[in-house]
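Enquirer: Residue numbers (the numbering used here), protein chains in the order written: chain A, 87 to 467; chain B, 9 to 160; chain C, 398 to 764.
Ideal Cβ positions, reconstructed from N, Cα and C, are used throughout, including at glycine.
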Amino acid sequence: MELTPVPNPTPAGTDAAPIYEDYFVNMGPQHPSTHGVLRLVLKLEGETVLGLTPILGYVHRGIEKMGEAMTVLQFTHLTDRLDYLSAHMNNWGWSLAVEQALGIEVPARAEHIRVIMAELARISSHQLWWGCLGMDLGAFTPFLYGFRDREKVNDIFEKTCGARLTVNYIRPGGVTQDVEEDFAKDVRAFCDYFEPVIDEYETLVGGNIIFQERTKGVGVLGADLARSLGCTGPTLRASGVCYDVRRNRPYGIYSKLNFLVPIASEGDSWARYKVRIAEMRESLLIIRQALDTMPEGPVRAKLPVIVKVPAGRWLGRVEAARGEIAFFLVGDGTDKPWRVKVRSPNFSNLAALPEIIKGCRVADVVAVLSTLDVVVPCIDR
Amino acid sequence: MIAMREEVARILGDAATPDSAAGVPSWRVDAAGVPDAARLLRAAGFDYLLFITAVDRPAEARFEVTYLISRFDDGRQMALLADVPRETPEIDTVSGVWAGANWHERETFDMFGIVFRGHPFLRRILLDDNWLGHPLRKDYVDTLHDVVKRPY
Amino acid sequence: MTDNFIWHTERIPPAVTAWLTGLLGAGLLVDLAKMVIVAAILTGFVSLLALALVWVERKVAAHVQQRLGPMRVGPHGLLQTLADGLKLLSKENITPLEADRFVFHLAPLLCFAATFVAIAFIPFAPGIQAVNFNVGLVFVLGIGSVGVLGIFAAGWSSNNKWSLLGAMRAGAQIISYELSATVALLSMLVFAGSLDFRGIVASQAGGWWIWRAPVVGFVAFVIYTVASTAECNRTPFDLVEGESELTAGFHTEYTSIRFAMFFLAEFVNMFVVCAISATVFLGGWMPFHIGNLAGFNRLADLIPPWAWFFGKTMGLILLFMWVRWTFPRLRVDQLMNLEWKFLLPLAFGTLAVASILVTAGWYFFPG
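Following this line, the structure appears as structure tokens:
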């Protein structure tokens, strides 16, 4: 097949001859609000957005290609670097795929630790999202409050996993090492501290009428479009679709835990905001239950020295903070995978942006992108 | 799984043959029959397209285009496989069935060079427009950057 | 003023004039010398003011956000602004290739000049006022509009789409909110009965208009505060420079000293606006008197008038800063809605009620 350079994509809906008043503006790749290195080309008429084209690939590192060159155990560290705010869940998704392939059973203590870590990561991710949302809309203070509280979670991660962000803790077979003695005390202290703080978050940002006016009715995503695009996570649940991997395809000990899945029906930015705030509360419940019922025992199953992936196709699906992340592992009998495919939740969520932003204003682009909550390294891989 | 296999066999009929590999339940269809199979599955409630990608099998001179389809209500998953020849990798698009297929097919084109006929906007999505080659192919050699391997 | 008023600062200007006359002889030279002295004092004052206000803003922001702010350069970071100013001045002065050079260079001067001139009209203490026009208030409000020209010129001449968007927003915003601000001030003017600042302050000898004009005073004060926040392009009305959206709005392309001028103009503008608010609503340099309570009034008189003035102005400035670090920003159509559909009708209503109250004499301590 002849390889010829392909011309630059034309912005949305503009294959016709350009009209004199058409006004193209470039948002990014360096921009305070694009949550990573993302370039958006906006077609404006005054302040109204007529079309939007995201241009991706600024953070493309070829992670899937790298997966073909390293063993399944080595690949775990790369999964941290996808959606780095859901590092634990990414590790878990990959571990699920490998455990299915090898038929490994994970010890009970490791399952409990995995749940606690994943839910702490979810809270930490939502704290950052909340702070950035405030900052994007002009209120600079929530950013610092969110990060102040996030530090407590980072301290727990650092004590247990050795790293604050790229943790590489949940690996095929269990977790790398057992938790410290004061882990339960630290985690409970955080939960006790954070529960009233969520109410503070609600008052400071959610209760502010300017914030409500900026988000209500803005960027409405209908349920049918969301399903068709493959949106998942809070973005989908705010449009009224009850889908959470922890409920619909339970993994780990989620089927034994008592928690609610928050759903809203309007599908606007305000609904997405409310769903994430409610999710934080539910995560605290999950953490407490997992802590209360944590058994003693080993934290990692015994793996062979050289892990060979049998021929076949396996899919590890987990609920990351932003949606469903899935790792597709195609094995060929050797120790290196034949193909690794990462199903990125942010990729599908971002696909909704061009559809829902038509007719909104420039300021709304920032609000909608912030509540869609995309992390670009996950999109670009 | 047995109930799932029977249900999918009923939906797709003779067009699909179940694949015997371990792991995710997979069915193989003709490349030409993919849009019809997609429509039948979508109508039967498989409304969640996780991803579209390809697996390069150079030994058999084919790309195995893989559609991972699931359901939002009960979370069941299946893989739909279609083989396209490596020399002229072309297949019809399913972006009319699931809107999300649009970007997934662009990525598959970007990474493997598989042309999706009927796609509204088939351009590269992750790589630069001037990129030469398709990186996830097994015979891909990085032509833009000369990498000199030095012995240690 | 009571008999106990001991701070007779109104004696200073005649004393200085007399000294200068003795030195230079009567005539034009004395006037010129006075102008030079006043200009020098004002320039020094504005510079120090800008330095101080930037430091206050950073400290207030820091403490609201649970951190400390500048602490290293000087005790508690007092010299930080000086260091930042020196750094700004030492940066390269870039003019974009396609920019309209003359307008590009003129724009920051327009902004800065507008706010600088307004300082000349503010009464800091009895007699301490650079210029006293008999229509001083109207003149100051008019001068504020020149600032819009500066912003618009900056946005247009930068040859940058984002700057243009910012400038367009600024034009619409400032022009709209000037209306409510003016009408709110007018509501107090009908009570004060005078357009020049000296008269307005003197009329508050029996008490400040904010409470002396029942309800109307407070409502007009709130309207004026909201409108002037918009005038100063501060959050929640800072979509003009909406950092998260437009990176820096109309002053994106400006560097070094030109950027410093925009930056300082913003802070001095805030001071001017708060000073006007303090003068018209809170009595300017007038101590807190309550009608005929001689004993209380005597105690209040013990505090020097410039302390009263700066105290009130700084209090208002702190209020502005507090609001800035708490609220998110409005979208442009919401901002316009707020002004034209809510604030302006309210301001006109206030003016109508104020007129009735004044005519009927239904306010505290009339006459």
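Is S355 of chain A helix, strand or coil by DSSP?
Expert: The residue labelled residue 355 of chain A in the question sits at position 269 within the first sequence. If DSSP states are grouped into helix, strand and coil, S355 of chain A belongs with the helices.
Enquirer: Does the beta-carbon of Y329 of chain A have 16 or more other beta-carbons within 10 angstroms, so that it is buried, or is it exposed?
Expert: Working through the first sequence from its first residue, we reach residue 329 of chain A at position 243. So Y329 of chain A counts as buried.
Enquirer: Would the stretch 141-158 of chain A and the stretch 229-243 of chain A be scored as touching if the rule is three or more Cβ pairs under 8 Å?
Expert: At 8 Å Cβ cutoff, the stretches do not touch.
Enquirer: Output needed in chain order: residues of the stretch 73-91 of chain B with a Cβ under 8 Å from some Cβ in chain A.
Expert: Residues T74, L76, F80, D81, D82, G83, Q85, A87.
Enquirer: Measuring only the C-alpha atoms, how far is I60 of chain B from R131 of chain B?
Expert: Here residue 60 of chain B refers to the residue found at position 52 when the second sequence is read from its first residue. Here residue 131 of chain B refers to the residue found at position 123 when the second sequence is read from its first residue. About 16 Å.
Enquirer: Please confirm whether G41 of chain B has its beta-carbon closer than 8 Å to some beta-carbon of chain A.
Expert: Working through the second sequence from its first residue, we reach residue 41 of chain B at position 33. No, G41 of chain B lies away from the interface with chain A (no Cβ there is under 8 Å from its Cβ).
Enquirer: Comparing C-alpha positions only, which one of A:Y340, A:V291, A:E244, A:I363 sits nearest to V265 of chain A?
Expert: Counting from 1 along the first sequence, the entry for residue 265 of chain A is found at position 179. With distances taken between Cα atoms, V265 of chain A lies closest to A:E244.
Enquirer: Quick check: F499 of chain C and P633 of chain C, are their CB atoms within less than 8 Å of each other?
Expert: In the third sequence, residue 499 of chain C corresponds to position 102, counting from 1. In the third sequence, residue 633 of chain C corresponds to position 236, counting from 1. In this structure, P633 of chain C does not lie closer than 8 Å to F499 of chain C by Cβ.
Enquirer: Quick one: which residues of the stretch 23-54 of chain B get their C-beta closer than 8 Å to a C-beta of chain A? List them in chain order.
Expert: Of all residues in the stretch 23-54 of chain B, A29, A30, G31, V32, S34 have a Cβ within less than 8 Å of some Cβ in chain A.
Enquirer: Using the Cα positions of H502 of chain C and R655 of chain C, report the straight-line distance between them to the nearest angstrom.
Expert: Residue mapping note: residue 502 of chain C aligns to position 105 of the third sequence, counting from 1. Residue mapping note: residue 655 of chain C aligns to position 258 of the third sequence, counting from 1. Straight-line Cα distance between these residues: approximately 8 Å.
Enquirer: Find out if the Cβ-Cβ distance for the pair E131 of chain A, V729 of chain C is shorter than 8 Å.
Expert: Looking up residue 131 of chain A in the first sequence gives position 45. Looking up residue 729 of chain C in the third sequence gives position 332. Not closer than 8 Å, so no.
Enquirer: What does a CB cutoff of less than 6 Å around L343 of chain A pick up in its chain, not counting 5 residues either side in sequence?
Expert: Here residue 343 of chain A is taken as the residue at index 257 of the first sequence, counted from 1. Correct list, in chain order: I372, Q375.
Enquirer: What residue does the beta strand (DSSP E) around P93 of chain B start on, and which one ends it?
Expert: In the second sequence, the residue the question calls residue 93 of chain B occupies position 85. Taken as a continuous stretch (DSSP letters only), the beta strand (DSSP E) holding P93 of chain B covers 85-93.
Enquirer: CB-CB under 8 Å to D497 of chain C, same chain, minus the five flanking residues each way: which ones, in chain order?
Expert: Here residue 497 of chain C is taken as the residue at index 100 of the third sequence, counted from 1. The answer, listed in chain order, is W553, S554, N556.
Enquirer: Over the uninterrupted alpha helix (DSSP H) stretch that includes E454 of chain C, give me the two end residues.
Expert: In the third sequence, counting from the first residue as 1, residue 454 of chain C sits at position 57. Its alpha helix (DSSP H) spans residues 425-461.
Enquirer: In the DSSP assignment, what residue or residues form a beta bridge with A406 of chain A?
Expert: The residue you call residue 406 of chain A lines up with position 320 of the first sequence. For A406 of chain A, which the question treats as bridged, DSSP gives the partners A:G409.
Enquirer: What are the partner residues of M156 of chain A, as DSSP defines its beta bridges?
Expert: On the first sequence, residue 156 of chain A is found 70 positions in, with the first residue counted as 1. DSSP output for M156 of chain A lists no bridge partner at all.
Enquirer: Just to confirm my understanding: we take F297 of chain A, look at its own chain, exclude 5 residues before and 5 after, and list those with CB closer than 7 Å. What are they?
Expert: Taking the first sequence and counting its residues from 1, the one referred to as residue 297 of chain A is at position 211. Cβ within range, chain order: L223, V291.
Enquirer: Could you tell me whether the Cβ atoms of P97 of chain B and A69 of chain B are closer together than 8 Å?
Expert: Locating residue 97 of chain B in the second sequence gives position 89, counting from the first residue. Locating residue 69 of chain B in the second sequence gives position 61, counting from the first residue. Going by C-beta atoms, P97 of chain B is not nearer than 8 Å to A69 of chain B.
Enquirer: Distance check for C218 of chain A and L88 of chain B, CA to CA, integer angstroms please.
Expert: Residue numbering aside, residue 88 of chain B sits at position 80 when the second sequence is read from its first letter. Residue numbering aside, residue 218 of chain A sits at position 132 when the first sequence is read from its first letter. Going by the C-alpha atoms only, they are around 40 Å apart.
Enquirer: State the DSSP-derived secondary structure class of F80 of chain B, mapped to helix, strand or coil.
Expert: Reading the second sequence from its first residue, position 72 is the one you call residue 80 of chain B. Correct three-state label for F80 of chain B: coil.
Enquirer: Mapping DSSP to helix, strand and coil, what is M113 of chain A?
Expert: Taking the first residue of the first sequence as 1, we reach residue 113 of chain A at position 27. Strand, per DSSP.
Enquirer: Going along chain A, which residues have a C-beta under 9 Å from T632 of chain C?
Expert: Position 235 of the third sequence, counted from the start, is the residue given in the question as residue 632 of chain C. Here the neighbours are G224, A225, F226.
Enquirer: For I296 of chain A, decide whether its Cβ has a neighbour in chain C, counting only Cβ atoms nearer than 8 Å.
Expert: Mapped onto the first sequence, residue 296 of chain A falls at position 210. For I296 of chain A, the answer is yes, since a Cβ of chain C falls inside 8 Å of its Cβ.
Enquirer: In angstroms with no decimal places, state the Cα-to-Cα distance between D235 of chain A and P410 of chain C.
Expert: Sequence index remark: in the first sequence, residue 235 of chain A carries index 149 (1-based). Sequence index remark: in the third sequence, residue 410 of chain C carries index 13 (1-based). Going from the Cα of D235 of chain A to the Cα of P410 of chain C covers about 57 Å.
Enquirer: Run through chain A and tell me which residues come within less than 7 Å of W722 of chain C, C-beta to C-beta.
Expert: The count along the third sequence starts at 1 and reaches residue 722 of chain C at position 325. Neighbours of W722 of chain C on chain A, chain order: F226, T227.
Enquirer: The beta strand (DSSP E) that contains R468 of chain A, what's its start and end?
Expert: Because chain A in this structure spans residues 87 to 467, residue 468 of chain A falls outside the shown range and cannot be described.
Enquirer: Measure the alpha-carbon distance for V514 of chain C versus V535 of chain C and round it to whole angstroms.
Expert: Indexing the third sequence from 1 puts residue 514 of chain C at position 117. Indexing the third sequence from 1 puts residue 535 of chain C at position 138. Going by the C-alpha atoms only, they are around 13 Å apart.
Enquirer: Tell me where the alpha helix (DSSP H) around V537 of chain C begins and ends.
Expert: Indexing the third sequence from 1 puts residue 537 of chain C at position 140. Looking at the DSSP string, the run of the alpha helix (DSSP H) that includes V537 of chain C is 533-554.
Enquirer: Pick from A:R425, A:V391, A:F269: whose alpha carbon is nearest that of F71 of chain B?
Expert: As a working mapping, residue 71 of chain B is identified with position 63 in the second sequence. Nearest option by C-alpha distance: A:R425.
Enquirer: Any contact of the stretch 318-326 of chain A with the stretch 376-392 of chain A, i.e. 3+ C-beta pairs under 8 Å?
Expert: Taking 8 Å as the limit for Cβ pairs, the verdict is that the stretch 376-392 of chain A does not touch the stretch 318-326 of chain A.
Enquirer: For the stretch 722-739 of chain C, which residues have a CB atom closer than 8 Å to at least one CB atom of chain A, in sequence order?
Expert: Hits within the stretch, in order: W722, T723, F724, P725, R726, L727, R728, V729, D730, Q731.
Enquirer: Go to G465 of chain A, then tell me how far its alpha helix (DSSP H) extends in each direction, as first and last residue.
Expert: Position 379 of the first sequence, counting from 1, holds the residue named residue 465 of chain A. Note on identity: in this sequence residue 465 of chain A is Ile, with Gly being the wrong assignment. Residues 462-466.
Enquirer: Could you say which of A:K388, A:G417, A:C464 lies nearest to A407 of chain A if we only look at CA atoms?
Expert: Position 321 of the first sequence, counted from the first residue, corresponds to residue 407 of chain A. That would be A:C464, whose Cα lies nearest to the Cα of A407 of chain A.
Enquirer: Which partner residues does F59 of chain B have in the DSSP bridge list?
Expert: As a first step, residue 59 of chain B must be located in the second sequence, where it is residue number 51. Paired residues: B:L76.
Enquirer: Taking the C-alpha atoms as reference points, what is the distance between D136 of chain B and V462 of chain A?
Expert: Your numbering for residue 136 of chain B matches position 128 in the second sequence. Your numbering for residue 462 of chain A matches position 376 in the first sequence. C-alpha separation (whole angstroms): 16 Å.
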